[in-house]
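**Student:** My questions will all concern the structure given below.
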Amino acid sequence: MPYYRSVGDLPRKRHTQFRQPDGSLYAEELMGQEGFSSDSSLLYHRHLPTAIVAAEEFTPPARSRRPNLPLKPRHLRTHKLDSGGADPILGRAHLLANDDCRISYAVADRPSPLYRNAIGDECVYVEAGRARIESVFGALEVGEGDYVIIPTSVIHRIVPLDGLLRTLVIEATGHIGPPKRYLSVRGQFLEHAPYCERDLRGPSQPLIVDGTDVDVYVQHRRGWTTFTYANHPFDVVGWDGCLYPWAFSIHDFEPITGRVHQPPPVHQTFEGPNFVICSFVPRKVDYHPLAIPVPYNHHNVDSDEVLFYTGGNYEARRGSGIEQGSISLHPSGFTHGPQPGAAERAIGVDYFDELAVMVDTFRPLDLCEPALACEDSGYAWTWAGRSS
């Protein structure tokens, strides 16, 4: 993260003696990215974070993916995946994936197990419901419209609150953070950035949980393993640094507008390895007297475009079947744009009431089985005025 936080009890100097009430040393742990060359945090544990008593291979739910063949735009109705009785991590329905990221959807009504993603960062977007995200850094309360960035290898769990929790999850094979163009060379948000440090929330106090022989599910580069820890990993009395889970509400994203239609980079919120995440929020639109507010037809030759529709009205998509919870995939190799008649209807409109999360990937996305199960098979033909 671009700024420093300090939570709980710490010694005055790092890497020095810090003793518990019984006189024993707290166990200092450095969690850092890119070896010892990038953002990091120091955590102080009551017990050794290295003490495991068992390790067993774990087989997650079977998942497969196949290329987008024949190549065509896709419309996924995620609310058709509602089943309940799932947790927010092991119950994720994988929809789209490539070698850089995976996009999943989860409908959950029960807490997840303790989990560590040792492959890359995760971006969890809350479509509906409330949750508490508990980790070795503390707890974060999140709700509708929140993005949560969970750094690689942070042990955490997601606890739904007040009924069903709906989340869109982007799992990276590297790190997710604000675009570099929004930050100074020292990591401060610049004046032109559409959000800043005041909009971000991190854990504010330690979370201490007692327990022994505690299981943690670890997803790693060669599969999954269940570690059994001698003591509960939530035993951190204090930490400081620039690496920790944090939340940002899409409702705090400040849109950038202009006289004519602005391209998607003005909506960029995060960047990851070979993909970007953008936020489309309610906003004033184009004020040139001859402006056409909806997007022009476009063909992004280097990227697949994914849009998750999470609120408001989508004038450009009227007549296509898009609804709350829809995901559209417009792949490289296909020219896409507004539905027939949308350009004329938009003339004179001065405000868009829409909410969406966009993921643009720079390698093609494959389709996973749950995506095929909730696909609207007639979507590709809607530009021609046909539904099947």
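Residue 1415, in the working numbering, is where the sequence shown stops; the numbers in between run on with no holes.
We put the CB at the ideal spot given by N, CA and C, even for glycine.
Mapping the DSSP letters down to three states, classify Pro1187 as helix, strand or coil.
**Tutor:** Correct three-state label for Pro1187: strand.
**Student:** So Glu1350 is in the alpha helix (DSSP H); what residue range does that whole segment cover?
**Tutor:** No alpha helix (DSSP H) holds Glu1350; DSSP gives it neither H nor E.
**Student:** Is the beta carbon of Gly1364 closer than 9 Å to that of His1315?
**Tutor:** Not in contact: His1315 and Gly1364 (Cβ atoms no closer than 9 Å).
**Student:** With three or more C-beta pairs closer than 8 Å as the rule, is the region 1293 to 1300 touching the region 1196 to 1207?
**Tutor:** Short answer: they touch.
**Student:** Measure the alpha-carbon distance for Ile1160 versus Val1386 and round it to whole angstroms.
**Tutor:** About 23 Å.
**Student:** On the DSSP bridge assignment, give the partners of Tyr1174 in chain order.
**Tutor:** For Tyr1174, which the question treats as bridged, DSSP gives the partners Tyr1152, Phe1275.
**Student:** Please state the DSSP three-state secondary structure of Lys1040.
**Tutor:** Coil.
**Student:** How would you call Pro1292, buried or exposed, if buried means at least 16 neighbouring beta carbons within 10 angstroms?
**Tutor:** Pro1292 is exposed by the Cβ-count criterion.
**Student:** The beta strand (DSSP E) spanning Glu1298 covers which residue range?
**Tutor:** Element bounds for Glu1298: 1295 to 1299.
**Student:** In terms of residue numbering, what span does the beta strand (DSSP E) encompassing Glu1055 cover?
**Tutor:** Glu1055 -> beta strand (DSSP E) spans 1054 to 1059.
**Student:** Out of Arg1345, Leu1394, Ile1354, Asp1393, point me to the one whose CA is closest to Ala1370's CA.
**Tutor:** For the residues Arg1345, Leu1394, Ile1354, Asp1393, the minimum Cα distance to Ala1370 belongs to Arg1345.
**Student:** With distances taken from CA atoms, which of Glu1342, Asp1393, His1357, Gly1238 is nearest Gly1368?
**Tutor:** Cα-wise, what sits closest to Gly1368 is Glu1342.
**Student:** Compare the Cα-Cα distances from Ala1199 to each of Gly1170, Gly1147, Tyr1209 and report the closest residue.
**Tutor:** Here the closest residue by C-alpha is Gly1147.
**Student:** Taking Gly1352 as the reference, which of Gly1118, Ser1131, Asp1331 has the closest Cα?
**Tutor:** When each option's Cα is compared against that of Gly1352, the closest is Ser1131.
**Student:** Shortest alpha-carbon distance to Ser1065 belongs to which of Tyr1336, Gly1285, Pro1260, Leu1270?
**Tutor:** Among Tyr1336, Gly1285, Pro1260, Leu1270, the Cα nearest to that of Ser1065 belongs to Leu1270.
**Student:** Assess contact between the region 1264 to 1278 and the region 1067 to 1075, defined as three or more Cβ pairs (one per stretch) separated by less than 8 Å. Is contact present?
**Tutor:** Segments in contact, yes.
**Student:** Do Asp1136 and Leu1192 come within 9 Å of each other at the CB atom, strictly closer than that value?
**Tutor:** Taking 9 Å as the Cβ cut-off, Leu1192 and Asp1136 qualify as a contacting pair.
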